[in-house]
Structures are given as structure tokens and as C-alpha cells.
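Asker:
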Amino acid sequence: ILAQVAEGLVRFRDDGFDVEPALARRWESDPAARRWTFELRDGIRFSDGAPLTAETVVESFERGRKFGGRIGAVSPGAVRFELDHPNRRFPEFLAQSYYLVSRVDGSANGYLGTGPFRVETVTRGATEVVLGPNPSWRGKRGAVTTLVFRHVPYVTLLPRALAEGSVDLTDEVAPSVQHLLRESIQV
Numbered sequence: 031i032l033a034q035v036a037e038g039l040v041r042f043r044d045d046g047f048d049v050e051p052a053l054a055r056r057w058e059s060d061p062a063a064r065r066w067t068f069e070l071r072d073g074i075r076f077s078d079g080a081p082l083t084a085e086t087v088v089e090s091f092e093r094g095r096k097f098g099g100r101i102g103a104v105s106p107g108a109v110r111f112e113l114d115h116p117n118r119r120f121p122e123f124l125a126q127s128y129y130l131v132s133r134v135d136g137s138a139n140g141y142l143g144t145g146p147f148r149v150e151t152v153t154r155g156a157t158e159v160v161l162g163p164n165p166s167w168r169g170k171r172g173a174v175t176t177l178v179f180r181h182v183p184y185v186t187l188l189p190r191a192l193a194e195g196s197v198d199l200t201d202e203v204a205p206s207v208q209h210l211l212r213e214s215i216q217v
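Using this note's numbering, the first residue of the sequence shown is number 31, and each one after it goes up by one.
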């Protein structure tokens, strides 16, 4: 869900191996690969319209993302990571979805990002999360304007939910109910 709402400083290219800029326009390291500086893109805004700044990146990482070092703003548009140990592959490390940049506000939805979608509603217990378009998104818009993530609490209810159309997609099906799926819908 979060990958639809937030972005990282960098991301993996479609090939899944190389890293390309995302929120950062460029980056560099010292020769020892312990100090990494990321220069942020201009004009990026969170879903509430607030600008992306080095300080918001620092706050996002300080909210619990462990990377083995310290982070600080070196200017309004750049952050620097001081690593405890050299890491020549640090950009690949940051491309993982765990290191998405976000803000937290006091609203019921609480999670703000720079990605193509924003959190519209979250039901109590997070059994359903509805995402809508982020008005601050600067990229190309796809055909899908709403995403609904629904938790199906009992694995035996999933085949019926898929057959009835209340669920369109699932990321896993327990082996114990795969036969029910085969019997109830075209797989």
C-alpha cells in the first residue's frame, strides 16, 4: 500500500537491478563510501501540498528507519548520510520500500506521501484502506483512480469474495483453499 502513496530518494529501475533517481535528482559519496549526499528534486509536494524539504526527509528517516548511521540536512535541498561502516551499495539499500519518505499528520489517515495516490480513508482496525489520486502528483496518471485494499479475515472467505467480485486481486492463496478457488471461478 505504502509504495502507492510514498516514494524513496531512489528507486529500482524496471529491470530490478539498477537504481535511478526518484525524490533525489542526484547523489554522490566520499571515496570511502561512508558519507552519502543526496540532492533533492525541486517542486515536489506531499499530498497535502507541503513541499518536500531536506528537513522532512530527515524527519522521515528519524521516525525509526535504521540504516546504520546518522542523517542531517546540509541545505534546504540536500541531505547527508554518515554511515557507521562503508557501503558502496547504499543507494540500492535505500531503494527498498522500507525507506520511503513520508510525513505523519494528526488526521485519521495520518500518512502523507509524494506518490501518485493519497490515503483517503482507513477503517477502524485497518480492515480497509482506500487510496485516491494525489492532487500534487507530478507524474503521468494511470487509468485507475481509486485503489481499495481490503483485509479478508478468513482465508476460506477469499474464494467467494473473488467469485463475487468484491475482491479483484490477491497476493497469496493458502494451499488449503486453492481447491475452493478452482471449483468456484476460472483460474
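Yeah, the Cβ is synthetic: ideal placement off N, Cα and C, and Gly gets one too.
Along the beta strand (DSSP E) that carries residue 59, what are the first and last residues, could you check?
Answerer: Taken as a continuous stretch (DSSP letters only), the beta strand (DSSP E) holding residue 59 covers 54-59.
Asker: With a threshold of 16 other CB atoms inside 10 Å of the CB of residue 178, please say whether the residue is buried or exposed.
Answerer: By the 10 Å Cβ count, residue 178 comes out exposed.
Asker: Classify residue 98: buried if its beta carbon has 16 or more other beta carbons within 10 angstroms, exposed otherwise.
Answerer: Counting Cβ neighbours within 10 Å, residue 98 comes out exposed, since fewer than 16 surround it.
Asker: Go through its chain and collect everything with a Cβ distance to residue 52's Cβ below 7 Å, but skip five positions before and after it.
Answerer: Answer for residue 52: 37, 38, 39, 40 and 41, listed in chain order.
Asker: Under the three-state reduction of DSSP, which class applies to residue 125: helix, strand or coil?
Answerer: Correct three-state label for residue 125: coil.
Asker: Do the CB positions of residue 69 and residue 107 come within less than 8 Å of each other?
Answerer: A contact, by the Cβ cut-off of 8 Å.
Asker: Can you list, in chain order, the residues of its chain whose CB lies under 6 Å from that of residue 75, leaving out five sequence neighbours each side?
Answerer: Contacts found: 81 and 166.
Asker: Just the C-alpha distance for residue 19 and residue 209, rounded to the nearest angstrom, thanks.
Answerer: This structure leaves residue 19 out entirely; the chain is present only between 31 and 217.
Asker: Which partner residues of residue 90 appear in the DSSP bridge assignment?
Answerer: In the DSSP output, where bridge partners are listed per residue, residue 90 has none listed.
Asker: Kindly indicate which residue of 45, 67 and 79 has the alpha-carbon position closest to the one of residue 124.
Answerer: Among 45, 67 and 79, the Cα nearest to that of residue 124 belongs to 67.
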